[in-house]
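Peer 1: Please see the structure below; I have some questions.
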Amino acid sequence: MQIVLHEPEIPANTGNIGRTCVATGTSLHLIEPLGFMLSEKMIRRAGMDYWDKLSVTRYIDYEDFCARHQGERIWLATTKAGRSYTDVKYGPDDCIMFGRESAGIPEEILTAHEEDCIRIPMMEDIRSLNLSNAVAIVLYEALRQNHFAGLQEEGRLHRLSWNSEK
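Take the sequence shown: its letter number 97 is residue 132 in this note's numbering, and every next letter is one higher.
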């Protein structure tokens, strides 16, 4: 899977998303301009010590991203879509794009790709979810549909054993 952030503004959100990407083996794509410097300590703090394990690619703008991802399936997550994120079939190499925290993905991009727009259902009077939460919700649905390929599905205790392991 691939997560794409279109002009993200808040470093802590991008750091949290980066950590989620590392935990799931997902690559992160950042479309500039960014609202922060990648060297900021806020992004590193949110990503903790995982940032160096992250596969991250930067693009100078949306056109640069499109030129380098021709033919790939790109889902656009927006509060404005009619179709739920659970109503589509994700492929293992699909891209899921999210917009900036203050405005989302530009409407010019959304209307050009209406059939690829998805949304997370929520109460009518709520503007949106936190970006890092939205990414986690949609990403884990996409991973579930692909049987969590390559991910560890069983946890382990540090000091003790589960009763079923005895």
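We put the CB at the ideal spot given by N, CA and C, even for glycine.
By alpha-carbon positions, which one of Ala171, Ile172, Cys152 and Arg54 ends up nearest to Arg108?
Peer 2: When each option's Cα is compared against that of Arg108, the closest is Cys152.
Peer 1: Identify which residue in Thr146, Asn168 and Asn165 has its Cα closest to the Cα of Trp110.
Peer 2: Of the listed residues, the one whose Cα sits closest to Trp110 is Thr146.
Peer 1: Suppose contacts are defined by Cβ-Cβ distances below 8 angstroms. Is Arg154 in contact with Thr113 by that definition?
Peer 2: Their beta carbons are under 8 angstroms apart, which means Arg154 touches Thr113 by this criterion.
Peer 1: Less than 8 angstroms between the CB atoms is what I'm expecting for Phe133 and Leu40, so what's the real figure, rounded?
Peer 2: About 6 angstroms; that satisfies the 8 angstroms criterion.
Peer 1: Out of Arg191, Leu69, Val91 and His64, which has the shortest C-alpha to C-alpha gap to Cys101?
Peer 2: Among Arg191, Leu69, Val91 and His64, the Cα nearest to that of Cys101 belongs to His64.
Peer 1: Would Ala184 and Tyr125 qualify as a contact pair, given that the criterion is a beta-carbon distance under 8 angstroms?
Peer 2: Result no, Cβ atoms of Ala184 and Tyr125 do not sit closer than 8 angstroms.
Peer 1: Would you kindly work out how many angstroms separate the C-alpha atoms of Val42 and Gly60, rounded to a whole number?
Peer 2: Note that residue 42 is Glu in the sequence shown here, rather than Val. Answer to the nearest angstrom: the Cα atoms are 22 angstroms apart.
Peer 1: Thinking just about the alpha-carbon of each residue, which of Gly53, Trp86 and Ile95 is nearest to the one in Glu230?
Peer 2: Only positions 36 to 201 of the chain appear in the structure, and residue 230 is not among them; the question remains open.
Peer 1: In three-state terms, what does DSSP make of Trp110?
Peer 2: It is a strand residue.
Peer 1: In whole angstroms, what separates the C-alpha of Leu186 from that of Tyr175?
Peer 2: Their Cα atoms are separated by approximately 11 angstroms.
Peer 1: Considering just the uninterrupted stretch of the beta strand (DSSP E) at Ile38, what are its terminal residues?
Peer 2: Gln37 to His41 is the span of the beta strand (DSSP E), which, as asked, contains Ile38.
Peer 1: Taking DSSP as the reference, what is the three-state secondary structure of Arg162?
Peer 2: It is coil, neither helix nor strand.
Peer 1: When DSSP labels each residue in this structure, what does Arg4 get in the three-state scheme?
Peer 2: Past the boundaries of the shown model lies residue 4; the chain is included only from 36 to 201, so the question cannot be answered.
Peer 1: Output needed for Pro127: all residues of its chain with C-beta closer than 6 angstroms, excluding positions within five of it in sequence on either side, in chain order.
Peer 2: Here the set comprises Asn181.
Peer 1: In this structure, does DSSP put Arg93 in helix, strand or coil?
Peer 2: The answer is strand: DSSP assigns Arg93 an E or B state.
Peer 1: Among Arg54, Ser62, Ile45 and Ala47, whose alpha-carbon lies nearest the alpha-carbon of Asp129?
Peer 2: If we check each option's Cα against that of Asp129, Ser62 comes out closest.
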